[in-house]
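This report refers to the structure that appears directly beneath it.
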Amino acid sequence: MGLEMKPELGLRQQLSLTPQLKQAIKLLQLSRLELVEQVQEEMTENVMLEGDVYVDDEMSDGLQKLNERAQSLQKDAAEQGNLAAGADPNDLGFWEKLLQEHFAFKGWNQSGGGGGRDDDLPSFEATHSTSPSLYQHLHDQLRLESCTDGEAVAAEIIINNLDPNGYLAMPLAEVAAAAEVDMDDAEGGQLVVMGLDPIGCGANDLVHCLVYQAREKYPEDPFFETLIKKHLKGFEKRNYNEIARQMDMDVEDVIEYHRMLRDEFTPRPGSGYSDADPQFITADITVEKLNGEWKITLNEDGMPKLRISPLYKKLLDDTATKEERRYLKAKLESAEFLLNSIYRRQSTIYKVVHSIVDRQKEYFEKGEAFLRPMVLKDVAEEIEVHESTVSRVTSGKYMQCPQGVRELKYFFSSGVSSTSKTGEDVASAAVKHHIKELIAKEDPESPLSDEQLAHLLKARGVSCARRTVAKYREAMNILPSSRRRDLL
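Residue numbers (the numbering used here): 311 to 798.
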């Protein structure tokens with residue numbers, strides 16, 4: 311029987327996202343700075359939107375007083391004949407003098423510090439977060455590595471010569487020549503760098519990088535290394551049957567190896583870091599304690615105060631041209647949807663942060679050791695939204711709180727069972743804090759083993775197995791006790 315093509319009618323249900331819904335989801339994911347850019351772009355494209363840059367009440371009052379002071383100075387100077395003939399009272403020098411008087415009166419100094427209310431503000435370093443460069447991140451770890459002098463020199467040269475993907479950008483023989491060491495030391499230095507976090511940096515190429523990761527992740531599986539060396543292009547083209555035939559494997563196993571390569575390996579280990587100047591992160595939300603209560607404030611600096619343009623709204627009501635009415639009506643609907651989406655975005659962010667603060671009060675009061683385990687589902691159920699909504703809200707958005715700047719996702723982590731009287735689990739981030747604190751206070755000549763750390767954690771009410779302690783310690787790039795003793 312041959313194949314036949316013919317049209318058929320039928321009914322089916324299909325979930326699709328409208329352009330408006332896509333826009334609402336996009337706005338929810340944006341950081342504050344990205345939202346400001348998006349709003350400014352919308353204002354450029356939509357005549358129905360207009361707005362003023364957000365200025366808080368205190369700034370507005372200050373500008374008004376400054377203007378009144380300027381008018382007073384101009385009047386006094388004119389009456390006393392201090393203004394030279396033809397001089398402009400609004401020139402730069404006049405305003406510079408006025409500003410100096412104003413800020414001197416307010417207790418400011420030219421270096422940016424000052425008295426008054428800003429003494430209570432956190433430092434610049436506390437209100438900003440920076441991302442270290444790959445170079446800095448690797449060098450910080452290299453200082454803690456135990457290796458020969460020749461390997462250390464070679465490793466430093468390798469770190470200094472990585473491309474943006476994290477691969478070595480020069481032949482290893484040139485590294486040996488530059489370091490004035492033999493090839494054994496150069497190869498040893500390369501292995502040291504490749505073992506740092508992120509794993510695989512300093513590899514010669516993609517295959518070298520993936521083979522090293524396979525040896526580290528699956529040391530007892532010889533198939534992985536052979537598959538990567540011989541069939542990487544086959545994986546890219548999904549030639550599973552051909553790979554299975556050549557390797558005498560089941561197709562299902564080949565597919566599973568490809569999944570592991572895709573999900574568990576990092577082909578470009580350096581891509582997550584930037585060697586450019588650190589990018590400062592400005593908080594989207596501020597959480598501070600005022601009069602015994604925690605206050606949540608959304609940062610709206612630079613955000614235009616949007617509204618529907620009364621001029622174009624009137625044109626829509628008065629215009630007689632059908633085409634103009636259609637155009638303005640579409641713009642009006644788009645503007646109203648944008649305003650509503652922004653309102654819902656701000657409202658959802660506030661609800662999520664309020665839930666976080668309510669659940670993590672001890673953290674805000676006492677510090678990191680008191681962080682409680684919490685998952686997206688906890689907040690989603692409380693504020694009656696989907697988990698994906700909470701995930702979008704918490705990604706790429708930062709909170710300024712007494713502990714510094716924290717990404718909202720920081721507050722979500724799994725838990726470790728507790729032996730305290732309350733019986734409440736302890737967040738993994740809090741356990742890491744305890745481990746770091748105990749190691750910082752240990753005797754350098756007799757470092758604490760993972761087993762000893764587990765016992766000390768239990769004394770603090772945290773039930774944690776030795777293997778779990780080791781996992782958390784390694785995640786923080788802290789050496790085992792034997793290696794810490796070697797650093798002396």
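Virtual Cβ for every residue (Gly too), placed ideally from N, Cα, C.
Just so you know, these numbers come straight off a predicted model, no measurement behind them.
- Contact check for Gly-510 against Glu-461 fails: the beta carbons are separated by 8 Å or more.
- Contact between the stretch 657-669 and the stretch 691-709 is present: 3 or more CB-CB pairs across the two stretches fall below 8 Å.
- The residues Ala-739, in chain order, have a CB closer than 8 Å to that of Tyr-720 in the same chain once the five nearest residues on each side in sequence are set aside.
- By the neighbour-count definition (other C-beta atoms within 10 Å, threshold 16), Leu-454 is an exposed residue.
- Within the DSSP bridge table, the entry for Leu-600 names Glu-603 as partners.
- When secondary structure is reduced to three states using DSSP, Cys-457 falls in the coil class, being assigned neither helix nor strand.
- Annotation: Gly-677 is outside any alpha helix (DSSP H) and is labelled neither H nor E by DSSP.
- Distances from the alpha-carbon of Lys-746 to those of Leu-789, Ala-769, Leu-718 put Leu-789 closest.
- When rounded, the separation of the alpha-carbon atoms in Glu-755 and His-696 is 52 Å.
- Straight across, the Cα-Cα distance linking Gln-451 with Leu-649 is about 48 Å.
- Segment contact: the stretch 538-548 against the stretch 517-524, three or more CB-CB distances shorter than 8 Å; contact assigned.
- Asp-495 sits buried, since 16 or more C-beta atoms from the chains shown fall within 10 Å of its C-beta.
- DSSP places Ser-723 in the strand class (E or B) of the three-state scheme.
- DSSP places Val-685 outside both helix and strand once states are collapsed to three, so it counts as coil.
- Excluding its 5 nearest sequence neighbours in each direction, Gln-339 has C-beta neighbours in its own chain below 6 Å: Arg-702, listed in chain order.
- Shown here for Ser-619: same chain residues with a beta carbon closer than 6 Å to its own, the five before and five after excluded, namely Met-358, Glu-360 in chain order.
- The Cβ atoms of Asp-760 and Arg-776 sit closer than 8 Å to each other.
- With fewer than 16 other beta carbons inside 10 angstroms of its own, Val-685 counts as exposed.
- Rounded to whole angstroms, Asp-515 and Arg-548 show a C-alpha spacing of 21 Å.
- Rounded to whole angstroms, the separation of the alpha carbons of Lys-623 and Leu-642 is 8 Å.
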